[in-house]
Each structure stands twice: as structure tokens, then as C-alpha cells.
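Here's the structure we're looking at; comments come further down.
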Amino acid sequence: MIKRVHWFLFISITYLLAGCATYYQQSVAFQERLQKGDLPEAQKILLKQEKESGGKNRFLYWCNRGWVEYMLGNYEESIRFFNEADLYIDDLTKNYGTEALALLTNPGVKPYVPEDPEKVMVNYYKALAFIKLGRFEDALVEARRIPQKLYELNDKYKNRKNRYSDDAFAHILTGLIYDATGDVNNAFIAYRNAIRVYDSIITPQFGIPVPEQLKADVMRTAWLTGFQEEVKFFEDKFNLKYQHIPLQGGYVVFFWENGLGPVKDEWSIMFTKIDGAGGWVTLANDQLGMEFPVYIGNLDSKSKGAFSDLSVFRVAFPKYIQRQPVYSTASIADSTGKNVWSLYKAEDLNAILLKTLEDRMWREMASGLARLASKKALEAAVREGDKNIGALVGIINAATEKADTRNWQTLPAEIHYTRLMLPEGKHVIKLTLEGKMGTREIPIQVEVRKGRTTFINWRTLDFAGFR
1221 MIKRVHWFLF ISITYLLAGC ATYYQQSVAF QERLQKGDLP EAQKILLKQE
1271 KESGGKNRFL YWCNRGWVEY MLGNYEESIR FFNEADLYID DLTKNYGTEA
1321 LALLTNPGVK PYVPEDPEKV MVNYYKALAF IKLGRFEDAL VEARRIPQKL
1371 YELNDKYKNR KNRYSDDAFA HILTGLIYDA TGDVNNAFIA YRNAIRVYDS
1421 IITPQFGIPV PEQLKADVMR TAWLTGFQEE VKFFEDKFNL KYQHIPLQGG
1471 YVVFFWENGL GPVKDEWSIM FTKIDGAGGW VTLANDQLGM EFPVYIGNLD
1521 SKSKGAFSDL SVFRVAFPKY IQRQPVYSTA SIADSTGKNV WSLYKAEDLN
1571 AILLKTLEDR MWREMASGLA RLASKKALEA AVREGDKNIG ALVGIINAAT
1621 EKADTRNWQT LPAEIHYTRL MLPEGKHVIK LTLEGKMGTR EIPIQVEVRK
1671 GRTTFINWRT LDFAGFR
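Quick note, the sequence shown lines up with residues 1221 to 1687 if you use this note's numbering.
This is the structure we're talking about:
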């Protein structure tokens, strides 16, 4: 018992000293470079942290490396790092040593298990990198993997399934890639699937309506495919009249990734113990309407005594804090200023991440309570042998009851997009960003090729504080 106590005290104090700050606070230098848009310096910081590629935060390291390389235009390198992250997701299995330790300390000691939206954003960035390399077939594979991966993940959850069970923007991306290769039939099917997902999931759960650009694209591809009944169906559905405009010159598909996604912090829930019969107790929080039965009949008398002495329990869980984007709307004008295209919000990652974490929290509440039970059982056993050490264990238990605050922090808060038709040749288009703090205009050079589609992905990294 003494050896076990010494081991527990050593490990707990080590993690207590190392883990008081949130993951965001521990990566301040990288975050500062990120916010300033100084990506070469951010890359240097990551190069110095290469040992992270084999540690418990390797998924986050690979995603940050992949994203920075993508932003710097190193698309092959970006794909290489995102492939590492993708393989990690596929091979993720429980490490029973850290699993046992997590029950005695906190989940932050385990290799990071990404949130479901993070898992599929790996495929999103791989698709964009393949598009930049002109590898459209590979890009299609990645775009189609997003909804498939979400189906497979959600199928494993027996209770409280994710509201984020399909991704409309992934279907849009699939359609845009098919469209760019001239496969308007499959593009139409993908756009139609996107509308279905907006109607059934994204609009009711996350408040994002069908983007106007998607309405235009689904009717255009239906018209080009000869599906006149489908054109009429969507005209009636959206109360629009479709007027076909033949392609003159080429298309520009413009993605605007706005702001930075949320970061994780922690919050605590207080549970009251209600004694039951047959070895059961119930931990309840009346304010939140939560009740969780916990079986303690298989514990020894000392461990049961620990529960008898307590009436209130504190359990720590992660929560997201949003980084408020500086800009809320955007538009693009051609070089003459006469033609202006609005950018339409297609994906709200803030909302998706918040609600997915909430769904997971409800599913995993029991493991948080199991963690607490393990701590209390150990505390009771130690206190029996030495009251002073038992008191110290109690203090450490309280201090190490922490949530896992790690997350992928270079994701955007939102994704907007639009389609431009421009004459063949070189152009300087003007991106205008608008928000409560003012307006910003950015000139962007683009070369349009006849009959082709050029993809541009623009990122704003500003945020106006936490909320």
C-alpha cells in the first residue's frame, strides 16, 4: 500500500505542477504568432517542438504542422502531416496504463482523443491541399470521407448521439470538385445532398440556412444535366426563378475561413449523493436535471466508508470558450467594382464544436464519476493507514480533478464561400470584410483560365476577445 501511495503522490504532484494551465495557456507563444499572422515564426516554434510528434499531444501537433504548411503553400508537406493525424485517428486504441492513471488524476494524462469535428476537418484540409495540387480525384476521396466518417462515428454511440451526424459543407465541397472537373451530374447529386442535410440537421440544430450560392449551383447543374423537373422543384422550394447564364471565361470558387475556433477551458458540476439500496447510490444535480446511478456494492468497506462520509462531489468537465470573430460578413468585387458577390456562411464550426462537446459530455458523465469514485476509494484506504498522508491525498485529489482542455486551436470559427464568373486572364479582385470594429479591404490577384475553375482559400485570423 505504501508503494502504491508513494507512486500516486509522485505522479499526481508531477501532473499537478505541469497541468494547472489550460492547453491554450501552455501554447501562448504559438498563439501570439498565429494572431499576428506571422506564420513563418509559428512554423519555427513547431519545429522546435518536434518531440510533440511522439507524445500525448501528437494529433494536435500534426494538425498544427499540417495547417501551417498549408497556409505557407507547402501542400505536399501539409498532406504528409495531416496523413499522420488521419492514421492516428484510425489506429486510436486505449492505452490501459494511462487509462488507469486517468481515473486517478485527470484525462489530460492520456493521448489526446480528438473531438469528432476535429477528426473530419483533417479530411477537409487534405481535400483543399489536393485541390491546390490539381489532384481532384484525391480531393474527392477526402471530401467524401467526411460524411462517411461521421456516419461511422455516430453509429458507435448507443446513447445521446451527436447532433452533428452529417456535414452539409462536405457535400458542397464534393459538388464543387465534381463541378470543376466537368461532372455536372455528380455535382448536382452532391449539391442536392447538401440541401437535404441543411434541411434535416444543419439549419434546425446549428441555425445555418441553405446558402444562396448552393441554391444557384443546384439549379445550374440540374439545368445543365437536363433535369428540368428538378429545376422547377428547387425554383418552387426557394421561391426563385432560374435564369441560365452560359459560362464566359472561367469560375473562381472563393472560400473565406473567418476567425479562430473556440478553445477549451473547464467547469465543475457539483453532485449531491443520495443513498439507495442494494449497493447503489445516486449522484444528482437538481439545477441541471442530472441523475446518475453509481454502483458501489463491489467496493470494500473502506471505500464504501469514503462515500458515506461525503454528501457533495465535484467533477470537472471541459467547456468551450468562443473567440469572437472581428468580421461577420464579406463580399468580393471585380476590378471594375461593378460586379459584387456576397460570401455566404456554409459552416459554423463554433456551433458544431460546442454542441458536439455537449453531446459527448452527456455520454461520458459516467467516466467522470468513475474517476471521482477511484480517487475517493484510494483516499479512504490511505487515510485508514495514515491520517496525515490521507489528508494530503485528499488535497491532491481535489487539485487534480481537472478537465482535459486540449483542442485543435487553428480551426476557423466559420467558413463562407461564393462563386465568381470572370473573363479569362489576370485580375485583381477586392475582398471587403465588415464587422462591428470597421471595414477592411484586401486586393487579391487571381488568374482565370477559360472553362476552368480556380479555387482560393482566404483566412482571417483576427478575433475580438473571448465569450
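Just so it is clear, CB atoms sit at the ideal spot from N, CA and C, and this is done for glycine as well.
Coarse secondary structure for residue i, derived from DSSP in three states
i, result
"I1615", "Any reading at I1615 must be qualified, since the residue scores a pLDDT of 45, below 50, and its modelled position is unreliable; the value itself is stated next. Note: I1615 maps to helix in three-state DSSP."
"S1488", "strand"
"E1644", "coil"
"P1538", "strand"
"D1495", "strand"
"E1272", "helix"
"G1688", "Any question about residue 1688 goes unanswered here, given that the chain covers just 1221 to 1687."
"M1291", "helix"
"A1472", "Position check: residue 1472 holds Val in this sequence, whereas Ala was assumed. Strand."
"G1655", "strand"
"W1282", "helix"
"Q1463", "coil"
"T1549", "strand"
"D1358", "helix"
"S1385", "coil"
"A1322", "Any answer about A1322 is weak, because its pLDDT of 45 lies below 50 and its placement is not dependable; what the coordinates show is given next. Residue state, collapsed to three classes: helix."
"L1503", "strand"
Straight-line Cα distance separating residue j from residue i
i, j, result
"A1388", "K1493", "43 Å"
"V1404", "Q1433", "16 Å"
"E1372", "K1656", "40 Å"
"R1355", "P1337", "24 Å"
"A1249", "L1266", "10 Å"
"N1677", "E1477", "7 Å"
"T1556", "V1546", "27 Å"
"P1429", "Y1384", "15 Å"
"T1242", "Y1290", "26 Å"
"E1272", "W1628", "14 Å"
"Y1377", "W1500", "25 Å"
"L1254", "E1567", "22 Å"
"Y1344", "I1662", "25 Å"
"Y1295", "S1531", "56 Å"
"E1297", "A1550", "30 Å"
"R1285", "H1464", "43 Å"
"E1304", "Q1448", "45 Å"
"I1635", "F1301", "22 Å"
"S1548", "F1683", "11 Å"
"E1357", "K1346", "12 Å"
"E1335", "A1571", "13 Å"
"N1559", "I1649", "10 Å"
"L1236", "L1503", "Only weak support exists for where L1236 lies, its pLDDT of 48 falling under 50; the coordinates are left without a value."
"K1381", "L1569", "18 Å"
"I1299", "L1651", "28 Å"
"Y1316", "P1331", "Residue placement at Y1316 is flagged as unreliable, the pLDDT there being 40, under the threshold of 50; the coordinate-derived value follows with that caveat. Whole-angstrom Cα-Cα distance: 11 Å."
Contact check, residue i vs residue j, beta carbons under 8 Å
i, j, result
"I1397", "A1414", "no"
"M1641", "L1467", "yes"
"R1543", "A1633", "yes"
"W1561", "T1638", "yes"
"L1307", "Q1263", "no"
"G1402", "V1668", "no"
"K1646", "Q1425", "no"
"L1563", "F1474", "yes"
"V1333", "L1312", "yes"
"F1686", "I1516", "no"
"F1491", "F1453", "no"
"P1431", "K1524", "no"
Whole-number beta carbon distance between residue j and residue i, since they are thought to touch under 8 Å
i, j, result
"G1427", "Y1411", "Actually they do not touch by this definition, with Cβ atoms about 21 Å apart."
"A1536", "E1578", "Actually they are not in contact, since the Cβ atoms of A1536 and E1578 sit about 16 Å apart, beyond 8 Å."
"P1538", "T1625", "6 Å"
"F1408", "V1438", "7 Å"
"G1479", "T1680", "6 Å"
"I1351", "A1390", "Wrong, their Cβ atoms sit about 14 Å apart, outside the cutoff."
"I1421", "D1386", "6 Å"
Residue of the options minimising C-alpha distance to residue i
i, options, result
"G1671", "C1283, D1399 and S1273", "D1399"
"V1340", "K1452, R1364 and K1330", "R1364"
"D1258", "E1272, K1378 and V1288", "V1288"
"D1310", "V1451, F1675 and V1342", "V1342"
"G1498", "L1508, Q1507, G1509 and V1514", "V1514"
"N1277", "E1252, K1650 and Y1244", "Y1244"
"E1362", "L1353, L1348, M1510 and D1495", "L1348"
"L1653", "Q1665, A1504, I1552 and T1674", "I1552"
"K1461", "A1436, G1509, G1275 and F1474", "A1436"
"I1489", "K1381, N1382, G1328 and F1512", "F1512"
"V1483", "N1518, L1280, D1375 and V1666", "L1280"
"D1419", "K1524, F1458 and T1673", "F1458"
"G1370", "V1472, P1331 and V1417", "Contrary to the premise, residue 1370 reads as Leu rather than Gly in this sequence. When only C-alpha atoms are compared, the closest one is V1417."
"V1472", "Q1251, Q1246, M1510 and F1675", "F1675"
"N1406", "I1664, R1440 and G1275", "R1440"
"M1510", "E1584, E1455 and P1331", "E1584"
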